[in-house]
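Per this note's numbering, the very first residue in the sequence shown carries number -13; after that it's consecutive. From the three backbone atoms N, C-alpha and C, an ideal C-beta is built for every residue, glycine too.
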Amino acid sequence: MFASLKNKIKEETGSDVATTATNTRHINHNNNRIRSRFSSTLSVNSTNEDTGGGGGSVDSQSYGAEQLSTLRSQCNELTTKMTDLTTRLQTMQEEKTRIEKTNEILLETVKVAQTQKDIYCEEQEKIQNLQQSEIEKLKNLLSFREQEAVDRLAAMRQNQQQIENLTTELERLKQYEPMVEDLQETLENETKDLKLRISTADERFSEYATNAEHVALTLRQQNSQLQEQLNEAQNLLETEKEEKLTALLRNAEISQSEEILRKELRMERVEANELHEKNEQLTSEMATKTQEIKQCKIEMEELKTVMFKNDEKLKEIDEMQREISEKNKTIKILNQRLADLKKTLQKEFQCAKSFEAEKERNGNCIAVKPPTTTQMVAASVTVATDTLACDHCGMSAASSSSIVMDEVNFKYLKHVIVKFLTSREVEARHLIRAVATLLKLTKDEEKLLQDTLNWKMSWFGSKPNHGRGQHSFSIPPS
-13 MFASLKNKIK EETGSDVATT ATNTRHINHN NNRIRSRFSS TLSVNSTNED
37 TGGGGGSVDS QSYGAEQLST LRSQCNELTT KMTDLTTRLQ TMQEEKTRIE
87 KTNEILLETV KVAQTQKDIY CEEQEKIQNL QQSEIEKLKN LLSFREQEAV
137 DRLAAMRQNQ QQIENLTTEL ERLKQYEPMV EDLQETLENE TKDLKLRIST
187 ADERFSEYAT NAEHVALTLR QQNSQLQEQL NEAQNLLETE KEEKLTALLR
237 NAEISQSEEI LRKELRMERV EANELHEKNE QLTSEMATKT QEIKQCKIEM
287 EELKTVMFKN DEKLKEIDEM QREISEKNKT IKILNQRLAD LKKTLQKEFQ
337 CAKSFEAEKE RNGNCIAVKP PTTTQMVAAS VTVATDTLAC DHCGMSAASS
387 SSIVMDEVNF KYLKHVIVKF LTSREVEARH LIRAVATLLK LTKDEEKLLQ
437 DTLNWKMSWF GSKPNHGRGQ HSFSIPPS
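Quick look at the structure:
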């Protein structure tokens, strides 16, 4: 800033401030030196005049002429010097005016510098205020990060607890694996035996069907033949009746022939009765064969129902194996998430330690906060899982033999339970009714689930009564 002011003064005056100051000092020194020299010459001349009054006239005149010439020369020199001095004085006055102008400019620059100094001080105060606000923001951010780290640690503990529960459940299910394998082998053997029996029954049924069809065809043929014979006999009977009517009008010869015809008619009636008896016997045999066919069909239906039950059991076994594999996958995913959470928590704790060190230097302290909503939600989720698992176990033990859940209902139930476990407390409270209807919970069990969720969400609420012994609503955790 001062360099710019010097340049401005140099442009206005035509010379530098330092050179003008040195010139003024040099001129003052020359003036003083001339004045001292002039006073010394005057004193010398006065002394010479005083001492030379008693000497010779010639010497005094010559000496006086020399002195006069010297004095004239000195006067000329002095006049020239005076002119030089006047010119220098004028230049000095001009330089003085210039210096005064420069002083005024310097005063103005000083005022400007003072104003700039005030502005700079104000800016410094603003910067300090901004730094203070940034420090406050960093402190708040540090407290937020610490709280977030605490929440993540709680979530990590919750995930660890869930992993432990899943591992225990997996170990419990592993105990049933040999039983399931044995049951699967027995069911496979039974299905093989049933398939063999069904194949034999099919063969027998096909044989019975072919035999029944053959017998039915033969019976139909015999029936048609008997019907034709019966028709012929009826036709003959009608003709004989006509002949009998005509024979009544004839003489004794015709009566004799009539007796012969009666005998023949009796014989034909006996044969017709025998044919009717044979027809009834064949129809009874056909009825027995149809009854045997119906019995075979009933046995086949029973075998099909047994096979359907075995298929359902195999499906249940496959579903259990699929659940075990899904639980293994969830355990692996939770382990991966736990590792990621550990890494992030280590980073957050390192950042928190650095911020705590800065806080300890400044002498600040952090207040203890109440538990957050994430901890309450995690606790509610654990209680919800325990109660739902216990209720589901009780219901499945009571109604596993009579209720077979459909695949669509099972998927919907799984979706609702997952939504209930992963949602917030308000959404979980709305989903209690859906879970109760899908799991067919009673009103007391639904109220117990809602009270447990409210107890986990509250600060000073009382624990709901789960009952004891055989009247307990849920199995307590071991």
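{"Item": "What does a CB cutoff of less than 8 Å around D168 pick up in its chain, not counting 5 residues either side in sequence?", "Value": "none"}
{"Item": "Run through DSSP, which three-state label would L116 get?", "Value": "helix"}
{"Item": "Determine the direct distance from the alpha carbon of F130 to that of Q322, and round the result to whole angstroms.", "Value": "26 Å"}
{"Item": "In whole angstroms, what separates the C-alpha of K397 from that of Q146?", "Value": "27 Å"}
{"Item": "Does Y398 come out as helix, strand or coil in the three-state DSSP assignment?", "Value": "helix"}
{"Item": "Suppose only complete runs of 4+ residues qualify. What are the alpha helix (DSSP H) ranges in the region 74 to 153, listed by chain order?", "Value": "none"}
{"Item": "Looking only at its own chain, which residues have a Cβ that is under 7 Å from the Cβ of A258, when we skip the five neighbours before and after it?", "Value": "L216 and A219"}
{"Item": "Taking the C-alpha atoms as reference points, what is the distance between E108 and V96?", "Value": "18 Å"}
{"Item": "Just to check my reading of the structure: I184 and L289 have Cβ atoms closer than 8 Å, yes? What is that Cβ distance to the nearest angstrom?", "Value": "5 Å"}
{"Item": "To the nearest whole angstrom, what separates the beta carbons of K405 and L417, a pair I think is in contact under 8 Å?", "Value": "6 Å"}
{"Item": "Between the region 190 to 198 and the region 279 to 287, do at least 3 Cβ pairs fall closer than 8 Å?", "Value": "yes"}
{"Item": "Please tell me whether L435 and I317 are closer than 8 Å, where the distance is taken between their beta carbons.", "Value": "no"}
{"Item": "Within 10 angstroms of its Cβ, does E431 collect 16 or more other Cβ (buried), or is it exposed?", "Value": "buried"}
{"Item": "Quick one: using the 10 Å Cβ neighbour count with 16 as the cut-off for buried, is K442 buried or exposed?", "Value": "buried"}
{"Item": "Would you identify the three-state DSSP class for R323, choosing helix, strand or coil?", "Value": "helix"}
{"Item": "For the alpha helix (DSSP H) that R484 lies in, which residues bound it at each end?", "Value": "Because the chain is modelled from -13 through 464, residue 484 falls outside the range shown and cannot be assessed."}
{"Item": "Can you list, in chain order, the stretches of the alpha helix (DSSP H) that have 4 or more residues and sit fully within the region 192 to 219?", "Value": "none"}
{"Item": "What number of angstroms, rounded off, separates the C-alpha of K181 from the C-alpha of K295?", "Value": "14 Å"}
{"Item": "With a 10 Å radius around its C-beta and 16 neighbouring C-beta atoms as the bar for buried, classify A51 as buried or exposed.", "Value": "exposed"}
{"Item": "Which ranges would you report for the alpha helix (DSSP H) in the region 222 to 291 if only whole runs of at least 4 residues count?", "Value": "none"}
{"Item": "Can K313 and L156 be called in contact, C-beta distance under 8 Å?", "Value": "yes"}
{"Item": "Taking the beta carbon of V421 as the centre, do at least 16 other beta carbons fall within 10 Å, making it buried, or is it exposed?", "Value": "buried"}
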